[in-house]
Amino acid sequence: MLRTAKMRWGKMHVVCVLYVLTLVSRAEPALDVTVTVDLGHDTGQNFGTVFEGYGGTDGLVCGAGFASAYNTYFRSERLKINFFVRPQDDRAAYQLEPLPRAGDDSGAYPHDLGDDVFIHQWKPKRTYRVWDSASGRWRDLPNAAWPGISAATVRGKRLEVRGNHLVYNGQQIFDWETAGGYRYSYYGQGHLFFYHKVKPVDGVTETKEIVAVPWDPYARDLKVDLTKAKAADLKWHKEFPYAWGQLGNEVLNCTNWGGLYAFDGQTWKVLVEADEKTSYQVYSMINYGDRLMMAQYPTGFLICYDGAAVTTLTDWPPVPKGASTSAREAQTTAIYRGELFVGVWPWSELWRRDPDTQAWVHMQRMFTHPPTHATPVHPYETLTKAAKLVSNDLGQRLTALVPYRDGLIVGTSAKGTHLLLRSAGIEDLTQQQLDDYGALWHLRMPGNLASVIAWRDRPTTLRFVVRSGRMSISQDGEELGAAVLGVPLPADLSEGQIVLGDGVFGPLRGKIRAPTPK
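Under numbering that gives the first Met the number 0, the first residue of the sequence shown is numbered 0, with each subsequent residue one higher.
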């Protein structure tokens, strides 16, 4: 049976197709959805939503899709599919368990690539570590196994920076030391994006630009051809790219001076002019429904782009009681269990947006100290000044929200990761309080499973199953991952409906066949 309907996320409206979902009638409801997807050619695009399920009076019940997030330095794993089921009761319940520290840095920025979660640490020595779930420890990697700068999975292979070279699947495709002044940033919509410092013609004035260069991982010759580059001039000498994201066929970048630029495959346009006198920075971008969300400083709110206009979403998330409205920074975003999560500086606040009530929920702070206050703006300003540090050095960051199997790996930091807190001369803080900077956590809410699919240059069949308290993801008949659900499914799933190719992860960029309900 085929219908059309309209889905709503706050002010977002998406027209989509609904298929009636038939479920096995058992004492305990079960869910079994099989979908064949053709993701087409991999050109660095966002893949979006595979399906969502709605159940009677229970609203959003289940779904699956590929989250497209960019947080501070790192792009989320593009082939990681997130399968979620929202329980019938107590949807706010969660567990938080500490993970071992990865090093002595005052900050930790975990990020995913493939099936793994990595952390780059500088103290006591520079190293890259990977999470070893079997031992419950961070394990050192040999240098050759370190993920390269700006690493991403493209057509199932790594695209990354190694030394002064851009490398794809181990093959050098661009040498920017020879080219002069280039630094790789991002791949999307069939283009490589570089930050380029242009040598001054007059020997004095250096100019800077963001450059888009067509590149195809299917081409016989993979070398980067700069003669096809198209550039956007940056307005200010100290301007450089921060976060990256995509909406439709556009790739967006926001610079450290608030310049917001969009490239549609042919031309650049300026969405927001950079202003060296106004603080405006975006540390994170994520696709949420039919919008691109951008996490902004200094409001701490999300701003959104709908393909035409850039809008500040006041109170997305709100300022908590007792905190200053100044110098707030929404730094980190994720989609977990079908809900939008945001981490906010300077109090390391963890927020989520309930998709049914459209309300923001303040889950907790990731630090228990000091009590939130508005004056001064940041934690421990008196202590940092006494230690001759910058006044906001002990501000509290929530650096990362990385979907990993059934949970989220959460990172924390001081303002910078360089600060060796044990020797910084900070008085009146216990060692435990100092160790909270750079602490790592594993957060779990019932009903989420993340697994990385294998890339196929052809259609692939994905199966999502919940039965007997267990949820699983399979690809082409092989189980990729499983988790204990631990909570009952909504009782009225028999009245459920499936939405294909549209939902919280954004529209699917690919072709989809009707699911096989069971």
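Ideal placement from N, C-alpha and C gives every residue a C-beta, glycine not left out.
Assigned with DSSP and collapsed to three states, Thr298 falls in strand. Taking 8 Å as the upper bound for CB-CB distance, Pro402 and Asn45 are not in contact here, some 15 Å apart.
For Glu238 against Trp256, the beta-carbon gap comes to about 5 Å, under 8 Å, which counts as contact.
Take Leu507, set aside five residues on each side of it, and the residues of its chain with a beta-carbon closer than 6 Å to its own are Gly47, Thr48 and Gly500, in chain order. In the three-state scheme derived from DSSP, where H, G and I count as helix and E and B as strand, Glu380 is classed as helix. Note that the C-beta distance between Asp41 and Pro216 is below 8 Å. For Tyr217, DSSP assigns no beta-bridge partner whatsoever.
Between Pro109 and Ile408, the CB-CB gap stays under 8 Å.
For Gly505, the closest of Asp89, Tyr287 and Pro199 by C-alpha to C-alpha distance is Tyr287.
For the pair Ala273 and Thr331, the CB atoms are not nearer than the 8 Å cut-off. Excluding its 5 nearest sequence neighbours in each direction, Tyr241 has C-beta neighbours in its own chain below 8 Å: Asn252, Cys253, Thr254, Asn255, Gln280, Val281 and Tyr282, listed in chain order. The segment 364-436 is shown to contain whole alpha helix (DSSP H) runs of 4 or more residues at 380-385 and 430-434, in chain order. If the five residues before and after Phe366 are omitted, its C-beta is found closer than 6 Å to the C-beta atoms of Ser347, Gln395 and Asp435, all from its own chain and listed in chain order. Between the alpha carbons of Pro97 and Pro86 lies a distance of about 25 Å. In the three-state DSSP reduction, Asp139 falls in the strand class (E or B). In the structure shown, the three-state DSSP call for Gly55 is helix. Nearest neighbour of Pro199 by Cα position, chosen from Ser278, Asp220, Glu208 and Ala326, turns out to be Glu208. Considered as a whole, the segment 87-129 harbours 94-98, 110-112 and 115-120 as its complete beta strand (DSSP E) runs of no fewer than 3 residues, in chain order.
Annotation for Gly113: Glu76, Thr152 and Val451 place their beta carbon closer than 7 Å to its own, counting only its chain and skipping 5 residues before and after. A direct Cα-Cα distance of roughly 27 Å separates Trp243 from Ala101.
Beta-bridge pairing by DSSP links Arg457 to no other residue.
When DSSP states are grouped into helix, strand and coil, Ala178 belongs to the helix group. Here the alpha carbons of Leu479 and Ile472 stand approximately 6 Å from one another. Counting along the chain, Asp274 sits inside no beta strand (DSSP E), nor does DSSP assign it H or E at all. A distance of 8 Å or more separates the beta carbons of Thr126 and Asp115. Between the C-alpha atoms of Asp37 and Pro458 there is a straight-line separation of about 4 Å. Assignment of beta-bridge partners to Asn168 by DSSP yields no partner. Here Ala413 has Ser105, Gly106, Asp392, Leu393, Gly394, Gln395, Arg396, Leu420, Tyr436 and Gly437 as same chain residues with Cβ atoms under 8 Å from its own Cβ, once five neighbours each way along the sequence are excluded. Remark: C-beta atoms of Leu382 and Val309 do not approach each other more closely than 8 Å. The beta carbons of Gln170 and Leu225 sit about 18 Å from each other, so the pair does not count as a contact at 8 Å. Beta-bridge partners assigned by DSSP to Glu328: Trp344.
In the three-state DSSP reduction, Lys227 falls in the helix class (H, G or I).
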